[in-house]
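Peer 1:
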Amino acid sequence: MHQLTLAEIARGLSAKQFSSEELTRALLARIEALGPRLNAFITVTEDHAIEQARAADARRAAGENGPLLGAPLAHKDLFCTRGIRTSCASRMLDNFQAPYDATVVEKLAAAGTVTLGKTNMDEFAMGSANENSHYGPVRNPWQLDHVPGGSSGGSAAAVAARLLPATTGTDTGGSIRQPAAFTNLTGLKPTYGRVSRWGMVAYASSLDQAGPLARTAEDCALMLQAMAGFDPKDSTSIDEAVPDYSATLNDSLQGLRIGVPREYFGAGLDPRIAERVEACIAELEKLGAVIKPISLPNMQHAIPAYYVIAPAEASSNLSRFDGVRFGYRCENPLDLTDLYKRSRGEGFGPEVQRRIMVGTYALSAGYYDAYYLKAQRIRRLIKNDFMAAFQEVDVILGPTTPNPAWKLGAKNNDPVAAYLEDVYTITANLAGLPGLSMPMGFADGLPVGAQLLAPYFQEGRLLNVAHRYQQVTDWHRQSPEGF
Ligand code: GLN
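For the sequence shown, position 201 matches number 978 in my numbering, and the numbering has no gaps at all.
1) DSSP three-state call for R819: helix, strand or coil?
2) So, using beta-carbon positions, are K793 and D854 closer together than 8 Å?
3) Check for me: the alpha helix (DSSP H) holding S1214 runs from which residue to which?
4) Is the stretch 1007-1024 in contact with the stretch 1053-1062, if contact means three or more CB pairs nearer than 8 Å?
5) DSSP on R1102, reduced to helix/strand/coil?
6) Could you spell out the range, first to last residue, of the alpha helix (DSSP H) harbouring I861?
7) Which first and last residues belong to the beta strand (DSSP E) in which V891 is found?
8) Based on Cα-Cα distance, which residue from V972, R992 and A994 lies nearest to Q986?
9) How big is the Cα-Cα spacing for Q955 and D1191?
10) Could you check whether the Cβ of S905 sits closer than 7 Å to any heavy atom belonging to ligand 1?
11) Below 8 Å on the Cβ atoms is my contact criterion, and I expect N907 with G931 to pass it. Report the Cβ-Cβ distance as a whole number of Å.
12) Drop a sphere of 10 angstroms on the beta-carbon of M1263, count the other beta-carbons inside from all chains shown, and report buried for 16 or more, exposed for fewer.
13) Alpha carbon to alpha carbon, what distance is there between G1218 and Y1084?
14) Between the alpha carbons of Q920 and E809, how many angstroms are there, rounded?
15) Apart from the five residues on each side of it in sequence, which residues of its chain come closer than 8 Å, Cβ to Cβ, to V1249?
16) Going by the DSSP bridge assignment, what does F1042 pair with across the sheet?
17) Can you find at least 3 beta carbon pairs, one from the stretch 1198-1210 and one from the stretch 1231-1248, that sit closer than 8 Å?
18) How many Å lie between L1240 and A935 at the Cα?
19) According to DSSP, which residues form a beta bridge with V1037?
20) What residues are listed by DSSP as bridge partners for H923?
21) Kindly list the residues whose CB is nearer than 8 Å to the CB of P1051, restricted to its own chain and excluding five residues on each side of it in sequence; keep chain order.
22) Give me the DSSP bridge partner(s) of P1176.
23) Rounding to the nearest angstrom, what Cα-Cα distance links E750 and D1115 in this structure?
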């Protein structure tokens, strides 16, 4: 049963081949048996899951038949869940229980999904390897001594290992797409404002966006359908109708203009990945797409701009965790200053402290113009590059990452080396555009992903292209040995 996709589960449940409770129990048993090898979960919510599964079965018995009714999933541990710990993989929130559900959690629950637990992640979503977790690193099911990517590494590892058919993730600079690429999944970062951020612990508010991780584009369509939509509780949520994402999955790609930016094929790209992109392009051409070379001239400035803007926003967002209003409090403080200093020093891990310091520095009075303002200007140039490109093409295609997953610990002493791995993903966040990563092959046993980008609110187009590609390829069907 664990090999079933969400769409197959929907059919099985609807045909009464199994109940949600049976499926949930089978997956909980797998999580118990195999989960520890990966460290993909921070919390497993067995009782809660059985309860939700029974409720879903009862709704189905009463005649309801939604596609996600009774479908098991897990949430990245930065979505607030009422009565269930939300840790953000930080000592700071180790014992935090939100008094409410995030909008995404609420919407998926209303659709009838069953929450099996909360997945491991980089602390406060800062990282690209899931090695910055207070609860220890997550392992890549494809090669256990490799990282699964980050920051949604637990979400990705759990789906890749067939512990669950789908999970939620968040993407501030690539944290859905990059772990999807590293673990052979399909992952979608929607347009900024498409999915509500309410109840999602903030990292960098102008970049954060929630989305699904699953095995297929078809499953991502089902997930996004339930997650998307206007939310008056999020002031950046956009009041734009949600199209039927499943209805356009099979649209023809005849004449679709796909732009391939020449800047993507610079010296940093692993030649094995470049080769896979070529093969992916050839496949899409066979489906009728027309390939056009394009240029994104300001791409080289994206990493420096992102690593000013994201830490700046983080330094502000994380100031609330002071040991007074929220979060971990140190033992026996001498006075108020000591309480702040030690609570934050002991509660936050090293990468989070590094980002808070960088961000605070960039926002400080004497440096604001030189760093933050400059980064915002670059952000606009990057957006303009995309707007110009989308005059010529319908979607943009390239690699999701310059390299496949690296070995655990390989970049521990060099944070900048990890930052450079985000080169292809962060531009979509800076511009607010939707992006999708899909499996496109392997490099010596490690999965690699193709990234598709589209104009605002064209998630349906991304899912359509990925779905058509997945009809003629079987990369996404490969599963890691031992799982
Ligand atoms: N790797 C990027 C960072 O560390 C992106 C993380 C994310 O998307 N949450 O900031």
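Just so you know, even glycine gets a beta-carbon here, dropped at the ideal spot from N, CA and C. Please read all numbers here as calculations on a predicted model, not as lab measurements.
Peer 2: Let me lay it out:
1) Translated into positions along the sequence shown, residue 819 becomes position 42. Checking the sequence, you will find Ile at residue 819 rather than Arg. Three-state DSSP puts I819 in a strand.
2) Along the sequence shown, read from residue 1 onward, the residue named residue 793 stands at position 16. Along the sequence shown, read from residue 1 onward, the residue named residue 854 stands at position 77. Against a cut-off of 8 Å, the Cβ pair of D854 and K793 comes out as no contact.
3) Translated into positions along the sequence shown, residue 1214 becomes position 437. No alpha helix (DSSP H) contains S1214, which is instead part of the beta strand (DSSP E) from G1212 to A1220.
4) no
5) One-based indexing of the sequence shown puts residue 1102 at position 325. Three-state result, R1102: coil.
6) As a working mapping, residue 861 is identified with position 84 in the sequence shown. Here I861 belongs to no alpha helix (DSSP H), and DSSP marks it neither H nor E.
7) On the sequence shown, position 114 is the one that residue 891 refers to. Per DSSP, V891 is one residue of the beta strand (DSSP E) stretching across V891 to T896.
8) As a working mapping, residue 986 is identified with position 209 in the sequence shown. Residue V972 is the option with its Cα nearest to Q986.
9) Mapped onto the sequence shown, residue 955 falls at position 178. Mapped onto the sequence shown, residue 1191 falls at position 414. The straight-line gap from Cα to Cα measures roughly 19 Å.
10) Here the question's residue 905 lines up with position 128 in the sequence shown. Yes, ligand 1 has a heavy atom inside 7 Å of this Cβ.
11) Here the question's residue 907 lines up with position 130 in the sequence shown. Here the question's residue 931 lines up with position 154 in the sequence shown. 7 Å between Cβ atoms; contact.
12) The structure shown does not extend to residue 1263, since the chain spans only 778 to 1260, so no value can be given for it.
13) Against the sequence shown, residue 1084 aligns to sequence position 307. Against the sequence shown, residue 1218 aligns to sequence position 441. Spanning the alpha carbons of Y1084 and G1218 requires a straight line of approximately 30 Å.
14) Taking the first residue of the sequence shown as 1, we reach residue 920 at position 143. Taking the first residue of the sequence shown as 1, we reach residue 809 at position 32. The straight-line gap from Cα to Cα measures roughly 20 Å.
15) Here the question's residue 1249 lines up with position 472 in the sequence shown. Same-chain partners within the cutoff: E1060, K1063 and L1064.
16) Here the question's residue 1042 lines up with position 265 in the sequence shown. Answer is none; F1042 lacks a bridge partner.
17) yes
18) As a working mapping, residue 1240 is identified with position 463 in the sequence shown. As a working mapping, residue 935 is identified with position 158 in the sequence shown. Between the C-alpha atoms of L1240 and A935 there is a straight-line separation of about 22 Å.
19) Working through the sequence shown from its first residue, we reach residue 1037 at position 260. DSSP output for V1037 lists P1070 as bridge partner(s).
20) To locate residue 923, count along the sequence shown from 1; it is residue 146. As computed with DSSP, H923 is found in a beta bridge with K1184.
21) Position 274 of the sequence shown holds residue 1051. Looking at the sequence itself, residue 1051 is Ala, so the reference to Pro does not match. Answer for A1051: F1042 and P1176, listed in chain order.
22) Looking up residue 1176 in the sequence shown gives position 399. As computed with DSSP, P1176 is found in a beta bridge with A1227.
23) Absent from the structure is residue 750, since the part of the chain shown begins at 778 and ends at 1260.
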